[in-house]
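Quick notes on the structure that follows.
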Amino acid sequence: MQQTLEDFYKVIRAAGINVSPSDTIETSRTVALVGYSDRSILKNAFQVSLAKSETDQDLVAECFEQFFSFDTFSAANDPHSDNTAAGNDEADDQQPLKSEQNEAPEAQSQLAKMLMEGDTASLATEMKKAAREVGLTDIWFFTQKSLYAQKIMQKMGLRDLQNDIAAMGNGDCPSSIAQAGELRNAKDYLAESVKDFVEQQLSMYGRNATRNLREDHLKSSKLSNIEQRDFHVMHDLVRKMAKRLSTQYSKKKKQDKRGQLDFRKTLRRNVAYDGVMFETYWKTKYIDKPRLLVMCDISGSVQAYARFLLLFLHSLNDVMQRIDSYVFTGNLIPVKDIFDKYPVEQAIDKIMADHGMGGSDYGTTLLDLDDQCMDNIDNKTTVLILGDARNNFLAPRTEVMQTLHLRAKRVIWLNPEPTTFWNAGDSVMYKYKPYCHMAKTCNTLDHLERMLDDLLKAATSGT
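Okay, so the sequence shown: first residue is 1090 according to this note's numbering, each after it adds one.
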């Protein structure tokens, strides 16, 4: 039964519900307590243990009904059942494997015997056993249906069944030949039933496969190549990533009875006990939320990258002490007030419409930074710059970058171009790089997530 539960958890995950190993352990214990006799109670137990919201509860219920109600070999699906309204005279002739059984040669294979006896319960059991052996729970795409159906048939004993049919059909006995035909019809019925079963499993285990494949493709695609029609998917991906990072890094570090012992505090608190350490105290690291100053180039060449970086950063408000956002093509423009006034996505659209496009002038931008912000930058401030550093052959003003490097906690530069382009054409990235604590190529959503993960990890570790 544990394997069945594991398969069900896989269905739940395929439906898009986040189920952790601890959730599955707790659910398995709950199921063991409530038992399997009452279907309604069992379904409620799954909903309570696995669902995180009302929407999840509905999804769990839907998955439960689909997973635990398979009836491929029901009478309604059996082509040999008598489904006609008023006594069909040919019903007996349509029961494929029960006519003249005494005169026909006996089938040798177990599968043929189950088909001849109409043992649907055993057939269903064998089919599910074969499905597990061939790994049907790993099915993702509709193009795999025929492959898995054939594998299941082979596991159930298709080769031996075909040998039985051939042996019966090669004789001179009319009843043997007739029974071979009936067994052949039963084989076709079994094949259809297996196909139905595989299709149902695909609907459970592969329900989000296409979406997941598309999301994986978008996450690894260059942001400048993302089409407008995919923006809503990208925004959803950004929110999911931001939520994960926020959950991971917003937890406050608490004092625990492990780690490094605080000897001074322990000895001081145990003076009353003549130095016997009845009460121990452990060192606790206090974590400051990072203070971030963001500068995004929104000229035509890098505007798409700025959009998703700003969206990502402003979805992390829970783990940032403060985010001061600026955009530029030439002059540095503060946009924090716009983010305070409008929802994040609407604010980004407004910023791009009002200030986007134009040619870059990084020298002017850095002079504005020196004039407007340098006095407020200290050793608790991380400066994050997004841009391709293509300066249109204007003065780069590297002296400002040098001052910034000395004052800020960290200077991080994200460049959409590969490093081989950093010293090509009008790029001055090679001049700015020595004054950056970190300079990396960043042109996909995966790159953004890894960079922000590193940034938050460094902040919470105190480095």
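Cβ atoms here follow ideal geometry from the backbone N, Cα and C, with glycine treated the same way.
Note that the structure is a prediction, hence the values are computed from the model and not measured.
Of the listed residues the options, nearest to residue i (C-alpha basis)
i        : options                                : result
Met-1441 : Asp-1477, Arg-1479, Asp-1386           : Asp-1386
Asp-1305 : Ala-1436, Ser-1126, Leu-1326           : Leu-1326
Leu-1291 : Ile-1466, Arg-1318, Asp-1096           : Asp-1096
Gln-1491 : Thr-1509, Ala-1395, Lys-1520, Ile-1412 : Lys-1520
Asp-1069 : Leu-1544, Lys-1234, Val-1100           : Within the shown structure, residues of the chain are numbered from 1090 to 1552, placing residue 1069 beyond reach of any answer.
Cys-1525 : Arg-1499, Asp-1543, Pro-1505           : Arg-1499
Met-1245 : Tyr-1415, Ser-1198, Leu-1458           : Ser-1198
Asp-1517 : Ala-1484, Val-1408, Arg-1496           : Checking the sequence, you will find Val at residue 1517 rather than Asp. Minimum Cα distance to Val-1517 is reached at Ala-1484.
Ser-1117 : Ser-1129, Leu-1204, Ala-1140, Gln-1091 : Gln-1091
Phe-1510 : Asp-1277, Asp-1450, Thr-1530           : Thr-1530
Met-1540 : Thr-1508, Trp-1502, Gln-1349           : Trp-1502
Ser-1449 : His-1324, Thr-1487, Thr-1418, Asp-1438 : Thr-1418
DSSP three-state assignment for residue i, whether helix, strand or coil
i        : result
Met-1330 : helix
Leu-1483 : coil
Leu-1405 : coil
Asp-1413 : strand
Met-1527 : strand
Met-1446 : coil
Leu-1358 : Leu is not the amino acid found at residue 1358; the sequence shown has Arg there. Helix.
Pro-1263 : helix
Arg-1296 : coil
Ser-1310 : coil
Ser-1516 : strand
Thr-1369 : coil
Val-1391 : coil
Thr-1093 : helix
Cys-1152 : helix
Residue i, buried or exposed, once every other Cβ within 10 Å from all chains shown has been counted against 16
i        : result
Phe-1482 : exposed
Ile-1114 : exposed
Ser-1309 : exposed
Val-1287 : buried
Ile-1466 : buried
Asp-1460 : exposed
Gln-1268 : buried
Beta carbon of residue i nearer than 8 Å to that of residue j
i        : j        : result
Phe-1397 : Leu-1537 : yes
Ala-1210 : Val-1283 : no
Arg-1479 : Gly-1452 : no
Asp-1477 : Val-1391 : yes
Val-1472 : Leu-1382 : yes
Ser-1404 : Val-1365 : no
Val-1123 : Gln-1136 : no
Cys-1152 : Ala-1104 : yes
Met-1203 : Ile-1241 : no
Leu-1225 : Pro-1379 : no
Arg-1358 : Glu-1368 : yes
Met-1409 : Ile-1474 : no
Segments of 4+ residues assigned as alpha helix (DSSP H) that fall wholly inside the region 1193-1225: Segments of the alpha helix (DSSP H) lying fully in the region 1193-1225: 1199-1206, 1209-1222.
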